[in-house]
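Undergrad: At position 41 of the sequence shown the residue is numbered 357 (our numbering), and the sequence of numbers has no breaks.
Cβ coordinates follow ideal geometry from the N, Cα and C atoms, glycine included.
Model, not experiment: these values are computed from the prediction.
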Amino acid sequence: MKWESIPLGPLQTNCYVLYNNEKQAVIFDPGGDAKYLNEWLENRHLNPVGVLLTHAHFDHIGAVEHIRQTYKIEVFLHEKERDWLVDPEKNGAALFLGDSTISAKKEADHHIDQEGEIRVGPFTFHVYETPGHSPGSVSFFHAESGTVFSGDVLFAGGIGRTDLPGGNQDQLLNVIHDKLLELPENTYVACGHGPYTTIENEMDTNPFLNGF
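1) Comparing alpha-carbon positions, which option in H426, A410, T386, I383 lies nearest R268?
2) For the beta strand (DSSP E) that V469 lies in, which residues bound it at each end?
3) Mind checking which residues open and close the alpha helix (DSSP H) that includes Q328?
4) With 16 as the cutoff for other CB atoms within 10 Å, does P404 come out buried or exposed?
5) Leaving out the 5 sequence neighbours to the left and right, which residues in its chain are closer than 7 Å to G325 when beta-carbon positions are compared?
6) Measure the Cβ-Cβ separation of K396 and P451 and say whether it is below 8 Å.
7) To the nearest whole angstrom, what separates the beta carbons of P447 and S453, a pair I think is in contact under 8 Å?
8) Since I believe V380 is in contact with F391 (beta carbons under 8 Å), could you give me their beta-carbon distance rounded to a whole number of angstroms?
9) Short check: CB of L327 to CB of D345, under 8 Å?
10) Following the continuous alpha helix (DSSP H) through T446, name the residue where it begins and the one where it ends.
11) Please state the DSSP three-state secondary structure of Y387.
12) Using only alpha-carbon positions, find the residue among L525, V436, E460 that is nearest to D494.
13) Select from G476, Y444, H373 the residue whose C-alpha is nearest the C-alpha of T463.
14) Where are the alpha helix (DSSP H) runs, 4 residues long or more, that stay fully inside the segment 340 to 367, in chain order?
15) Need the endpoints of the beta strand (DSSP E) that V454 sits in, please.
Below, the structure is given as structure tokens:
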């Protein structure tokens, strides 16, 4: 079991691809550069089985439609951002880019409405609802690889911004403390931007969490 990070799209958002020895793969947050991502997958002979979105801001969804149609796979997103995927006003594409084409053509195929276990092909994840950056932000914990795919919730030395619609800093700090920091300390944190980190590193050094 292995995962790799691919910076994509206008903000170089980290797209992650988790794959097994059979070359089956799950894609997290394909933020853009669809042709490049497609070539990256083909060069590694990977067979995507699903797309998991930590949230639906424009910089995390730019290649969703292309990947969904190319591989005939389904997209998972939290219920609270059901219409964000297709609405450039809500996902920020209109405000930050003046571009509605970055939005998907249809809603996600599956809408997550509670925490717990989900299966995508042969992969099993525990979903944590981790709002604060956005109302439908979720984190996907993959026990087999010891990794939490946290989107823009927790960064190396930082936390997600909370000044966008639906953001709430107190809520964000609470979910990081109550949920993510309860994961094993050696858990890798696959962040939406910047380098990956570990739960232990953030407990010890993150200035936003120290003394919380």
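TA: Walking through what the data contain:
1) No answer is possible for residue 268: the residues shown for the chain start at 317 and end at 528.
2) Premise fails: V469 is in no beta strand (DSSP E) and is neither H nor E.
3) Note, Q328: premise wrong, no alpha helix (DSSP H); not H, not E.
4) buried
5) G347, G348, D349, D375, G378
6) yes
7) 5 Å
8) It is Val, not Phe, that sits at residue 391 in the sequence shown. So it is a contact: roughly 6 Å between Cβ atoms.
9) no
10) Run containing T446: none; DSSP gives neither H nor E here.
11) helix
12) L525
13) Y444
14) 350 to 359
15) 454 to 458
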